[in-house]
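K.L.:
I am attaching a structure below and will ask some questions about it afterwards.
Residue numbers (this note's numbering): 2 to 180.
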């Protein structure tokens with residue numbers, strides 16, 4: 002049942018991302034999908050004096066941690082009610098930086114000029130995730146396909162060492178060129 006609900010969600014996201022046209026923005030736009038503030042906030046702060054428009058999509062639980070950022074950072078809480086806002090923000094971005102698995106990306110139709118970069122949210126930790134996570138039933142083809150759709154949306158992985166690179170390759174099917 003859970004896989005069926007996620008398939009429906011992917012369908013809704015796919016339809017919305019085809020219907021929504023990108024907003025015209027006068028400066029480059031980066032969208033951050035954030036679950037772990039400690040990984041994303043330093044990147045945002047480093048871009049404070051840049052010409053980039055910055056939008057953060059985050060969980061309602063993490064939104065308060067962004068109050069100290071500059072006023073030119075837009076924050077959208079990731080809830081079902083804000084799904085259209087989330088997709089509008091994504092459609093206008095040239096770069097999307099993520100720090101976790103986001104179901105939305107499995108249905109999102111990115112444009113040819115967009116790139117999705119995955120950061121490593123467990124710096125220094127090597128763990129099972131992706132298709133090597135014990136919670137993923139690899140015998141369930143629908144579940145595996147749903148996970149692969151999300152992971153295939155990622156263009157590049159930001160890694161700090163060869164072991165992390167191997168984790169992404171093994172767990173997500175990433176290639177050396179994506180590291």
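Backbone N, C-alpha and C fix where the C-beta goes; we use that ideal spot for every residue, glycine too.
Would you decide whether residue 175 is buried or exposed? Buried here means 16 or more other CB atoms lie within 10 Å of its CB.
P.N.:
Buried: at least 16 other Cβ atoms inside 10 Å.
K.L.:
Determine the closest residue to residue 37 out of 108, 159 and 121, with distance taken between C-alpha atoms.
P.N.:
Of 108, 159 and 121, the residue nearest in Cα terms is 121.
K.L.:
Out of 81, 159, 112 and 171, point me to the one whose CA is closest to residue 21's CA.
P.N.:
Closest option to residue 21, Cα to Cα, is 112.
K.L.:
Look at the Cβ atom of residue 7, then the Cβ atom of residue 104, and state whether they are nearer than 8 Å.
P.N.:
Cβ atoms of residue 7 and residue 104: closer than 8 Å.
K.L.:
How big is the Cα-Cα spacing for residue 91 and residue 152?
P.N.:
Approximately 17 Å between the Cα atoms of the pair.
K.L.:
Do the segment 58-65 and the segment 9-19 make contact, defined as three or more Cβ pairs closer than 8 Å?
P.N.:
No, the segment 58-65 does not touch the segment 9-19.
K.L.:
Quick one: residues in its chain with C-beta nearer than 6 Å to the C-beta of residue 32, no 5 flanking neighbours on either side, listed in chain order?
P.N.:
Contacts found: 56, 90, 91, 94 and 97.
K.L.:
Taking the alpha helix (DSSP H) that residue 33 belongs to, which residues open and close that run?
P.N.:
It is not in any alpha helix (DSSP H) - residue 33 instead sits in the beta strand (DSSP E) that spans 30-35.
K.L.:
May I ask you to list the residues that DSSP assigns as paired with residue 58?
P.N.:
34 and 77, per the DSSP bridge assignment.
K.L.:
Considering Cα atoms alone, identify which of 178, 54 and 59 is closest to residue 40.
P.N.:
If we check each option's Cα against that of residue 40, 59 comes out closest.
K.L.:
Quick one: is residue 155 buried, meaning 16 or more other Cβ sit within 10 Å of its Cβ, or exposed?
P.N.:
Classification for residue 155: buried.
K.L.:
Compare the Cα-Cα distances from residue 78 to each of 86, 72 and 71 and report the closest residue.
P.N.:
When each option's Cα is compared against that of residue 78, the closest is 86.
K.L.:
Please classify residue 148: does DSSP put it in a helix, a strand, or coil?
P.N.:
Three-state result, residue 148: helix.
K.L.:
Would you kindly work out how many angstroms separate the C-alpha atoms of residue 69 and residue 106, rounded to a whole number?
P.N.:
Distance between the alpha carbons of residue 69 and residue 106: 28 Å.
K.L.:
Can you find the residues in the same chain that come closer than 7 Å, C-beta to C-beta, to residue 166, ignoring five residues on each side of it along the sequence?
P.N.:
Taken in chain order, the residues that qualify are 160 and 180.
K.L.:
Just checking my contact of residue 99 with residue 34 at CB under 8 Å: how many whole Å lie between their CB atoms?
P.N.:
That pair is a contact at about 4 Å.
K.L.:
In the DSSP assignment, find the alpha helix (DSSP H) that holds residue 165 and state where it starts and stops.
P.N.:
Element bounds for residue 165: 163-173.
K.L.:
Taking DSSP's pairing of strands, which residues face residue 44 in a bridge?
P.N.:
None; residue 44 has no bridge partner.
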